[in-house]
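This report concerns only the one structure given below.
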Ligand code: ATP
Ligand code: MG
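Residue numbers (our numbering): 6 to 319.
And the structure:
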């Protein structure tokens with residue numbers, strides 16, 4: 006524990022704001038986005054709130070219906086008077102969602118900004134919830150299901166990484182599902198666009214529990230952290246959780262606190278699957294959960310791993 010206490014103090018440095026975050030921000034009019042509606046500009050008044058579907062960090066996500074077309078969407082609303090950090094996160098999310106165009110990333114249909122400063126992001130509605138809620142309601146996933154999930158998330162990550170976007174918060178609650186069991190990556194609040202080759206990606210953001218060892222404790226893991234491999238660690242942990250039914254680094258039911266997570270992620274054994282799983286699945290998880298980030302496979306490499314390929318030809 007003494008070691009833990011020492012490290013904890015070493016890590017009490019606040020991350021420097023990113024360069025893009027130091028610029029003054031004014032409520033500038035936003036350029037139009039790819040609105041799905043046939044004619045005229047859609048405003049918030051064209052949408053009717055049906056119900057709250059999620060509460061996030063500083064914002065609320067509603068199921069809304071377009072009054073004229075009756076199509077359902079999700080609307081993430083963040084209030085103008087929210088914490089500056091939350092506001093930065095939503096602006097970052099907007100920046101990424103406006104740019105991304107992949108069937109494996111939740112689609113953004115429009116962004117509204119009121120003079121009051123409230124920001125709303127209109128997204129495709131994922132009607133089956135998240136992988137977290139599916140785990141809670143339907144129970145653990147089979148290997149075949151997980152190969153399908155993994156293939157889709159890897160396609161999303163491969164797309165993002167090839168565009169120099171690191172998600173940094175891959176976890177079951179940020180992977181949305183629709184009725185066709187399509188899985189899409191969502192919640193880009195703490196993501197980062199690597200604008201320059203030498204951009205550092207060490208700031209302390211995202212959900213600690215799914216953080217890779219080199220991100221949780223950069224002092225002990227060198228300065229060669231590239232962030233992309235951190236997303237792969239988080240995916241490995243997510244898949245393991247969906248298979249075993251609880252956060253895999255701790256016994257079922259134990260609430261993670263910072264020190265426990267530090268011990269489990271940085272000093273514990275590499276997390277592994279229980280007995281009885283296929284060799285492909287075990288090896289796939291090992292390729293994601295290498296403690297040494299340089300040994301982890303990339304999203305593109307994992308897409309051709311036998312665990313993914315074998316299932317896609319069945
Ligand atoms: P958190 O801080 O808890 O991660 P957040 O503010 O970053 O939350 P999101 O993760 O984007 O917000 O959304 C919160 C919840 O709202 C999700 O976990 C999900 O249940 C629901 N949700 C978000 N977007 C959609 C969508 N497009 N379709 C259906 N449900 C959604
Ligand atoms: Mg979220």
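Cβ coordinates follow ideal geometry from the N, Cα and C atoms, glycine included.
At which residues does the alpha helix (DSSP H) containing residue i begin and terminate?
i           : result
residue 91  : 89–104
residue 143 : 136–143
residue 247 : 233–249
residue 215 : Unbroken run through residue 215: none, as it is neither H nor E.
residue 304 : 304–308
residue 301 : No alpha helix (DSSP H) holds residue 301; DSSP gives it neither H nor E.
residue 264 : 263–267
residue 290 : 284–293
So, at 6 Å on beta carbons, what are the nonlocal neighbours of residue i in its own chain, with the 5 sequence-adjacent residues on each side left out?
i           : result
residue 234 : 298, 301
residue 237 : 293, 301
residue 117 : 49, 125
residue 190 : 110, 161
residue 311 : 285
Identify, in the order they occur along the chain, each residue of the same chain with its Cβ nearer than 7 Å to the Cβ of residue i, setting aside the five sequence neighbours on each side.
i           : result
residue 255 : 261, 265, 269
residue 184 : 132, 133
residue 192 : 174, 179
residue 252 : 214, 246, 261
Given a threshold of 16 other Cβ atoms within 10 Å of its Cβ, counted over all protein chains shown, does residue i qualify as buried or as exposed?
i           : result
residue 241 : buried
residue 225 : exposed
residue 77  : exposed
residue 74  : exposed
residue 219 : buried
residue 157 : buried
residue 202 : Below a pLDDT of 50, predicted positions are generally treated as unreliable, and residue 202, at 44, falls in that range; no measurement from the model is reported.
residue 106 : exposed
residue 267 : buried
residue 135 : buried
residue 89  : exposed
residue 216 : buried
residue 186 : exposed
residue 145 : exposed
residue 154 : buried
residue 147 : exposed
residue 275 : exposed
For the beta strand (DSSP E) that residue i lies in, which residues bound it at each end?
i           : result
residue 117 : 113–118
Please name the residue or residues paired with residue i in a DSSP beta bridge.
i           : result
residue 52  : 71
residue 125 : 82, 117
residue 190 : 110, 180
residue 77  : 70
residue 60  : 65
residue 197 : 171
Tell me which same chain residues have a C-beta within less than 8 Å of the C-beta of residue i, skipping the five on either side of it?
i          : result
residue 51 : 42, 71, 72, 73
residue 65 : 57, 59, 81, 82
Could you name the residues whose beta carbon sits closer than 6 Å to any heavy atom belonging to the ligand MG, keeping them in chain order?
61, 178, 179, 192
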